[in-house]
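Numbering (our numbering), first residue to last: 83 to 358.
Written below as structure tokens is the structure these notes are about.
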């Protein structure tokens, strides 16, 4: 009887050990799978044309279009902040609120109409650090700005280059490269730049960008004007010295189930999804 009881005890101990081993193996496998899982990110760049260009109030339309595409961050060009021409509305704050209270940063390019005019970034994630800068006008039509934000997983910058002077654009590219390089020094994350560059894909301006950046979005479809699109001038890039990414999806949004993009702005939004 004692011998039988001993064998039962041994069997129970072995069974318990197997359970512990299985649990630990499962935990280790789960941790390994989590560590090897790729992070994905969806970005949109959109020149909204100070909103209300074709409709009396298109904030809800733009928010619905953006929300339908499920981005993690959005770069916006041609924003008014509390100007008379747009009724004193802080446009970036309003659209971020309609997105569900996203974090945002505005970069003023110049004073305008009792407020200011510039560019912005809004993110689903919290913003850890930010920088805004006015770019050199360098004989261009008007001042331009750069907005950079850092989140836990990535850095995202928005800009809008001069629309009349290639020489001004080249100075602005040089300034952007320098500002971004200083901002991301020591940062091991993917770094993105988005916006309306007012330059064709085969231009010297885009060639200069490509010295420090990989162009990630398509160039075979127009982004301006929205009806009908004839020119590709809106892009998203990734910094060559940052964490490399692969394109999951990249397209110009020329239609949306959320509404008529031709009436939302004179530009079309551009979507990029990446993984790393």
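Glycine included, each C-beta is placed from N, C-alpha and C at the ideal position.
Rounded straight-line distance, which links the Cα of residue 265 to that of residue 213: Taking the straight line joining both Cα atoms gives about 8 Å.
Taking contact to mean 3 or more Cβ pairs, one atom from each stretch, closer than 8 Å, check whether the region 124-132 and the region 158-167 are in contact. With a cut-off of 8 Å, the region 158-167 and the region 124-132 count as touching, because enough Cβ pairs lie within range.
Which runs of the beta strand (DSSP E) spanning at least 3 residues fall entirely within the region 111-150, listed in chain order? When DSSP assignments are scanned along the region 111-150, the uninterrupted stretches of beta strand (DSSP E) that are 3 or more residues long and fall wholly within it turn out to be 122-129.
Per DSSP, what kind of secondary structure is residue 180 in: helix, strand or coil? Helix, per DSSP.
3 or more residues per run - each beta strand (DSSP E) lying fully within the region 181-230: Correct list: 185-194, 197-205 and 211-217.
If we ignore side chains and look at the alpha-carbon of each, how far apart do residue 339 and residue 286 end up? Straight through space, the alpha carbons of residue 286 and residue 339 are spaced by roughly 36 Å.
Residue 149 classed as buried or exposed, judged by whether at least 16 other C-beta atoms fall within 10 angstroms: Burial check for residue 149: the Cβ neighbour count within 10 Å stays below 16, so the residue is exposed.
Cut-off 7 Å between Cβ atoms - residues of its own chain near residue 216, not counting five sequence neighbours on either side: The beta carbon of residue 216 is closer than 7 Å to those of 191, 225 and 227 in its chain, skipping five residues each way along the sequence.
Classify residue 289 as buried or exposed, calling it buried when 16 or more other Cβ atoms lie within 10 Å of its own Cβ. When all chains shown are included, residue 289 counts as exposed.
Under 8 Å between C-beta atoms of residue 305 and residue 315: The answer is yes: Cβ separation under 8 Å.
Residue 143 classed as buried or exposed, judged by whether at least 16 other C-beta atoms fall within 10 angstroms: Residue 143 comes out buried.
The beta strand (DSSP E) with residue 261 in it runs from where to where? No beta strand (DSSP E) holds residue 261; the alpha helix (DSSP H) holding it covers 248-265.
Are residue 205 and residue 233 closer than 8 Å when you measure CB to CB? Cβ atoms of residue 205 and residue 233: closer than 8 Å.
Leaving out five residues before and five after residue 105 in sequence, what residues of the same chain have Cβ atoms less than 6 Å from its Cβ? At residue 105 the pLDDT is 48, less than 50, meaning the model places this residue with poor confidence; the figure from the coordinates comes in the next sentence. Around residue 105: no qualifying Cβ.
Whole-angstrom distance between residue 145 and residue 327, CA atom to CA atom: Spanning the two alpha carbons is a distance of roughly 27 Å.
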